[in-house]
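Just below is one structure, and these are the notes that go with it.
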Amino acid sequence: MQVRTTYVGTINGFGAICNGEKPEKMVVEEERQVLYADEGKILRNKTTGELNSALWLKDTTEEDYEEIDDPKSEQQTPIEKPVEE
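In my numbering, the protein residues as written are 748 to 832.
In structure tokens:
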């Protein structure tokens, strides 16, 4: 898991959302802390069981979540039909 800062604001009069480093010309209206799951993982809320790949840490903290394997990322082997002779 990793927390990254997301900047919400404007650049040259246009609305912009930037992750990571803040562009020099950006007028920041809001900074948000966003929790991201590592690749192949998903975040699960320890209390509710809710699953997310990323979420805004507005009313929660990083400690409220745990990383689990993402069931959608596992490769599934197609079922082969038997060959009729």
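Ideal Cβ positions, reconstructed from N, Cα and C, are used throughout, including at glycine.
Can you tell which of the options has the C-alpha that lies nearest to the C-alpha of residue i?
{"i": "C765", "options": "Y754, V775, E786", "result": "Y754"}
{"i": "F761", "options": "E768, L798, V775", "result": "V775"}
{"i": "D817", "options": "G767, E771, D785, E778", "result": "D785"}
{"i": "T808", "options": "G767, E777, Y783", "result": "Y783"}
Alpha carbon to alpha carbon, how far is residue j from residue i? Give it in angstroms, no decimals.
{"i": "N759", "j": "M773", "result": "8 angstroms"}
{"i": "E797", "j": "K769", "result": "30 angstroms"}
{"i": "L790", "j": "T757", "result": "30 angstroms"}
{"i": "E814", "j": "G787", "result": "10 angstroms"}
{"i": "D806", "j": "R779", "result": "12 angstroms"}
{"i": "N799", "j": "E771", "result": "31 angstroms"}
Would DSSP call residue i helix, strand or coil?
{"i": "D785", "result": "coil"}
{"i": "D816", "result": "strand"}
Which one or two residues does DSSP pair with residue i in a beta bridge?
{"i": "L798", "result": "R791"}
{"i": "I766", "result": "Sequence inspection shows Asn at residue 766; the Ile mentioned does not correspond to that position. Beta-bridge pairing links N766 to T753."}
{"i": "E778", "result": "Y754"}
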